[in-house]
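Okay, so here's the structure we're looking at.
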Amino acid sequence: MDSKKIIEKLGGTAKTAVLCNVTQGAVCQWIHAGIPDARLMFLKLARPDVFMPRKRRRSGAPP
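Okay, so the sequence shown: first residue is 1 according to our numbering, each after it adds one.
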């Protein structure tokens with residue numbers, strides 16, 4: 001998953017900035033330069049739901 005998609009799933013640049021205690025401008029830079037490794041490790045611990053693969057339902061299976 002690319003940085004832009006991760007940030008979108010976290011709720012956008014403003015919410016990601018609050019979560020990481022950085023400026024919104026810093027998060028905007030991550031979209032292009034990539035999320036720093038230490039921040040990415042933190043985000044995976046803080047919001048594992050964002051990084052878990054979605055389960056696929058088989059067709060015909062009940063919801």
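Cβ coordinates follow ideal geometry from the N, Cα and C atoms, glycine included.
Checklist entry - What's the gap between the Cα of Ile6 and the Cα of Ala33? => result Approximately 13 Å between the Cα atoms of the pair.
Item to check | Span of the alpha helix (DSSP H), counted from its first residue to its last, around Pro48 | outcome: Residues 48-51.
Item to check | Nearest-angstrom Cβ-Cβ length linking Ala17 and Val27, presumed shorter than 8 Å | outcome: The beta-carbon distance between Ala17 and Val27, rounded to whole angstroms, is 5 Å. This is short enough to meet the 8 Å contact definition.
Item to check | Outcome for Leu45 when other beta-carbon atoms lying within 10 angstroms are tallied against a minimum of 16 | outcome: By the C-beta density criterion, Leu45 is exposed, having fewer than 16 other C-beta atoms within 10 angstroms.
Next on the checklist: Tell me which residue opens and which closes the alpha helix (DSSP H) that Leu19 is part of.
Outcome noted: Secondary structure note for Leu19: its alpha helix (DSSP H) is the uninterrupted segment 13-20.
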